[in-house]
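Novice:
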Amino acid sequence: MPVISAQRNITPGQPLEIDCPACGARQVQAVPTLYEERPVLLRLVPLPASRHIFIRCSTCARDLLAQARDLEELYDLSPQELLGQLQPYVSGVGRFLVVAALVLFWLPFVAPLLAIGGFMMTRRHRGWRRAAIVAVVLTFLVAGAVATLLLLAPNP
Ligand SMILES: [Zn+2]
1235 MPVISAQRNI TPGQPLEIDC PACGARQVQA VPTLYEERPV LLRLVPLPAS RHIFIRCSTC
1295 ARDLLAQARD LEELYDLSPQ ELLGQLQPYV SGVGRFLVVA ALVLFWLPFV APLLAIGGFM
1355 MTRRHRGWRR AAIVAVVLTF LVAGAVATLL LLAPNP
């Protein structure tokens, strides 16, 4: 018996019009979907559920994460309010790479790879992209400094 299993509910919503922050298309059709996931401990104890609403742009087919808790909330928003709610979805792996690169920035040659991977995976999101760029710059400065020291070190 699995320690934790998950009940997943997927509720599609009615299409609506959005200005897509990912591809810049204006007033395009997009389909929102509510994903509800409730982990269940030992098949008996329900744990707090997570709810996410993703809106898929019909032009670029990217999934945008909405901050709304319910599908109904979305239809009451003006196009501007809706745009303020939408963020390009950033994968958990990408966020992990950015955080790992920032924590391990002093580690030459490994951290730059984490930073570049994190940048590639989070570049659609403004905030995460900024953090990833900081990580790339920091890690390359460290790698450059270490490489210079190695080159300048007197050979025995
Ligand atoms: Zn789009």
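Here this note's numbering runs 1234 ahead of the position in the sequence shown, where the first position is 1.
Every residue gets a Cβ at the ideal spot worked out from N, C-alpha and C, and that includes glycine.
Remember, predicted model here, so these are calculated numbers, not experimental data.
What residue from ILE1350, VAL1279, ALA1264 and TYR1323 has the CA that sits closest to ASP1253's CA?
Specialist: Residue mapping note: residue 1253 aligns to position 19 of the sequence shown, counting from 1. Residue ALA1264 is the option with its Cα nearest to ASP1253.
Novice: Cβ atoms of LEU1348 and ALA1334: under 8 Å apart, would you say?
Specialist: Position 100 of the sequence shown, counted from the start, is the residue given in the question as residue 1334. Position 114 of the sequence shown, counted from the start, is the residue given in the question as residue 1348. Yes, the pair counts as a contact, with Cβ atoms nearer than the cut-off.
Novice: Specify whether the segment 1282-1292 and the segment 1324-1339 touch according to this definition: at least 3 beta carbon pairs, one from each stretch, less than 8 Å apart.
Specialist: Output reads no: the segment 1324-1339 does not touch the segment 1282-1292.
Novice: Going along the chain, which residues of its own chain have a beta-carbon closer than 7 Å to the beta-carbon of THR1356, five neighbours each way excluded?
Specialist: Translated into the one-based positions of the sequence shown, residue 1356 becomes position 122. Answer for THR1356: VAL1324, GLY1328, ARG1329, VAL1332, TRP1362, ARG1363 and ALA1366, listed in chain order.
Novice: What residue range is occupied by the uninterrupted beta strand (DSSP E) comprising PHE1330?
Specialist: Here residue 1330 refers to the residue found at position 96 when the sequence shown is read from its first residue. Note, PHE1330: premise wrong, no beta strand (DSSP E); alpha helix (DSSP H) at 1326-1337.
Novice: Which residue marks the beginning of the alpha helix (DSSP H) containing TYR1309, and which one marks its end?
Specialist: Here residue 1309 corresponds to residue number 75 of the sequence shown, with the count starting at 1. Element bounds for TYR1309: 1305-1309.
Novice: Is LEU1320 buried or exposed, if buried means 16 or more other CB atoms sit within 10 Å of its CB?
Specialist: For the purposes of this step, residue 1320 is taken as the residue at position 86 of the sequence shown. Result: buried.
Novice: Regarding ALA1259 and ligand 1, is the C-beta to nearest heavy atom distance less than 7 Å?
Specialist: Against the sequence shown, residue 1259 aligns to sequence position 25. Checking every heavy atom of ligand 1 against the Cβ of ALA1259, one is found closer than 7 Å.
Novice: Would you kindly work out how many angstroms separate the C-alpha atoms of THR1245 and LEU1308, rounded to a whole number?
Specialist: Position 11 of the sequence shown holds residue 1245. Position 74 of the sequence shown holds residue 1308. Between THR1245 and LEU1308, the C-alpha separation is close to 14 Å.
Novice: Please name the residue or residues paired with GLU1271 in a DSSP beta bridge.
Specialist: The residue labelled residue 1271 in the question sits at position 37 within the sequence shown. GLU1271 is bridged to ARG1242 and SER1284.
Novice: In chain order, what residues of the same chain lie with their CB nearer than 7 Å to the CB of ALA1377, ignoring the 5 residues before and after it?
Specialist: As a first step, residue 1377 is located in the sequence shown; it is residue number 143 there, counting from the start. Cβ within range, chain order: PRO1342, PHE1343 and PRO1346.
Novice: May I ask you to report which of helix, strand or coil DSSP gives ARG1290?
Specialist: What you label residue 1290 is simply residue 56 of the sequence shown in a count that begins at 1. Note: ARG1290 maps to strand in three-state DSSP.
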